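*Asks:* Below you will find the structure I want to go over with you.
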Amino acid sequence: MTKAVFIVGNKRSGSTHFMHLLNLHPNIFISNESDII
Numbered sequence: 002m003t004k005a006v007f008i009v010g011n012k013r014s015g016s017t018h019f020m021h022l023l024n025l026h027p028n029i030f031i032s033n034e035s036d037i038i
């Protein structure tokens with residue numbers, strides 16, 4: 002079974018850039034950012 006990893010970050014902390022970098026990998030799926038607090 003594949004393990005899920007959750008990465009969270011504050012706004013303006015580089016998390017969006019990190020998400021785009023991870024999306025370049027063919028075996029990694031990144032969902033859209035959520036505004037849920």
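Residue numbers (this note's numbering): 2 to 38.
Positions of the beta carbon are idealized from the N, C-alpha and C atoms, including for glycine.
A quick note: this is a predicted structure, and the numbers were derived from the prediction, not measured.
1) Between which residues of its own chain and PHE19 is the CB-CB distance below 8 Å, once the five residues before and five after are set aside?
2) Roughly how many whole angstroms lie between the Cα atoms of PRO27 and SER14?
3) Return the chain-ordered list of same chain residues with a C-beta closer than 7 Å to the C-beta of ILE29, the five sequence neighbours on each side being excluded.
4) Could you tell me the alpha carbon to alpha carbon distance between LEU25 and SER35, rounded to whole angstroms?
*Replies:* The short version:
1) Cβ within range, chain order: ILE8, GLY10.
2) Taking the straight line from one Cα to the other gives about 24 Å.
3) Here the set comprises LEU23.
4) Computed Cα separation, rounded: 20 Å.
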